[in-house]
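The structure appears right after this line, and notes come after that.
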Amino acid sequence: MKAADLDYVLPEERIAQVPVEPRDSARLLVAGAAAVEHRVVRDLVEFLRPGDLLVINTTKVLPARVPVVREGGANGEVLLLEDRGDGTWEALCRPSRKLAPGTVAESTGGRLTFEFGEDLGAGRRIVRPSRTGAASLGHDEADLLGALASDGQMPLPPYIHSELEDPERYQTTYAQRPGSAAAPTAGLHLTESLLERIAGEGVRVAPVELVVGLDTFRPVSVEHLEDHPIHTEHYRVPEQTWHDVGTTHMAGGRVVAVGTTTTRALESVAHSGDLAGRTSLFITPGFEFRVVDRLLTNFHLPRSSLLAMIEAFAGTGWRDLYSLAIDEGYRFLSFGDAMLLDRNPDAAHGSPTG
27 MKAADLDYVL PEERIAQVPV EPRDSARLLV AGAAAVEHRV VRDLVEFLRP GDLLVINTTK
87 VLPARVPVVR EGGANGEVLL LEDRGDGTWE ALCRPSRKLA PGTVAESTGG RLTFEFGEDL
147 GAGRRIVRPS RTGAASLGHD EADLLGALAS DGQMPLPPYI HSELEDPERY QTTYAQRPGS
207 AAAPTAGLHL TESLLERIAG EGVRVAPVEL VVGLDTFRPV SVEHLEDHPI HTEHYRVPEQ
267 TWHDVGTTHM AGGRVVAVGT TTTRALESVA HSGDLAGRTS LFITPGFEFR VVDRLLTNFH
327 LPRSSLLAMI EAFAGTGWRD LYSLAIDEGY RFLSFGDAML LDRNPDAAHG SPTG
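Note that the working numbering numbers the sequence shown so that position 262 is 288, with each residue one more than the last.
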């Protein structure tokens, strides 16, 4: 498949810069087999039925973008990406080229110090965070989270051009364990009251965790999709959730994934057999879906790996749906509106256990 097949023209004014209030008042484009409906997210309950399973990604965004002052007084920024488990992190640093190994910078809030290590390329470095004047805190998660809560900022996507008045609007209402560099944005629409209504209709709600990385925003820059270096992410699917997947399908219910990250986690288990680990699963047209029957998702960037997943799941009709959404004034990307898709019958549905 050529990457150009994932391209479309996204007008700048269609990129949502702020979320709507309340969360579930976002518009919802429902792509049914017979017709397209224009609804709002709070109507989602009408498109679910007793016995369905709604699966959510409970990861939490880490306020990991830290303004720093380098030795000599120059300003910079450290964005923590991934805990390496040895007291160091992989981080996106600015300006990386001026940071020799051993260089130290302090957060502008004064609570964190970063020692810069190996240059990984593309602005990424190994860094060792510590409390200013203290030892490394890489193994003390609570201490690091406390310092980041004070000195860190929410790492909003590059197409969002202003800070949020309320940083919690870039978290889902059910976010639990901090670690992600980006939000599982389809879940931003779900309110506690909507989830209660859904559960009240006999639909089970089950968690997974996939730690979302910044590479989710990376465009496909190669000519052929199969040459795109797909990013890896940590995931965890609780045994109870995986059990619920099996019993749902056995009883004739549908598994409804909230977002592409939830989909990647579930399908990673089905194709690897592992309930937790790192996944490099690249879902492209021709992929055999074994778990997910319906998908609640936002509208995605042109030439993105997420659009490849959408085409794999719902077929080439996404182009007409996106064109319609643009014409109808839908809001796109992280703070935008949502769509509800059925799995294309041509995307084979095998055994959930692989």
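Ideal Cβ placement from N, Cα and C applies to all residues, glycine included.
- As computed with DSSP, F243 is found in no beta bridge at all.
- With contacts defined by Cβ atoms closer than 7 Å, L80 and V229 form a contacting pair.
- Under the three-state reduction of DSSP output, F358 falls in the strand class.
- Residue nearest to E141 within the set A148, A168, G113, G135 is G113 (criterion: CA-CA distance).
- Under the three-state reduction of DSSP output, L138 falls in the strand class.
- For the pair L322 and V295, the CB atoms are not nearer than the 7 Å cut-off.
- By the CB criterion at 7 Å, T287 and V238 fall inside the cutoff.
- Around the beta carbon of K28, fewer than 16 other beta carbons sit within 10 angstroms, so the residue counts as exposed.
- In the structure shown, the three-state DSSP call for L125 is coil.
- Per DSSP, the beta-bridge partners of G303 are Y261.
- A232 sits in a strand when the DSSP states are folded into three classes.
- A check of alpha carbon separations from L174 across P204, N83, A277 identifies P204 as the nearest.
- The three-state secondary structure of V281, taken from DSSP, is strand.
- A distance of 7 Å or more separates the beta carbons of L36 and P245.
- Counting other Cβ atoms within 10 Å of its Cβ, M180 reaches 16 or more and is therefore classed as buried.
- Distance between F315 and E189, taken at the CA atoms: about 38 Å.
- Counting along the chain, no alpha helix (DSSP H) covers G312, and no H or E run does either.
- Residue pairing by DSSP places H250 opposite K28 in a beta bridge.
- In its chain, beyond the 5 residues on either side, N101, A131, E132, T134 have a beta carbon closer than 7 Å to the beta carbon of V95.
- In this structure, E222 is the residue among I152, L307, E222, P264 with its C-alpha nearest to the C-alpha of D50.
- Residue burial is scored here from C-beta neighbours: A340 has at least 16 other C-beta atoms within 10 angstroms and is therefore classed as buried.
- Secondary structure remark: continuous beta strand (DSSP E) runs of at least 3 residues inside the region 66-105, in chain order: 79-83, 91-96.
- Just measuring C-alpha positions, the residue of A277, T217, Y185 sitting nearest F243 is Y185.
- Contact between L236 and A291 holds: CB atoms are separated by about 4 Å, below the 8 Å threshold.
- E354 is positioned such that its CB atom lies no closer than 7 Å to that of W344.
- As the crow flies, the alpha-carbon of Y196 is around 11 Å from that of S206.
- Following the DSSP letters along the chain, one finds G226 in no beta strand (DSSP E) but inside the alpha helix (DSSP H) bounded by residues 218-226.
- Between the C-alpha atoms of A351 and A168 there is a straight-line separation of about 43 Å.
- DSSP places S349 outside any beta strand (DSSP E); the residue lies instead in the alpha helix (DSSP H), whose first and last residues are 344-353.
- Residue environment: K86 is assigned as buried (16 or more neighbouring CB atoms within 10 Å of its CB, all protein chains considered).
- When the five nearest sequence neighbours on each side are left out, the beta carbons in the same chain lying within less than 8 Å of the beta carbon of I224 are those of L70, V71, L74, L80, V231, in order along the chain.
- When secondary structure is reduced to three states using DSSP, G111 falls in the coil class, being assigned neither helix nor strand.
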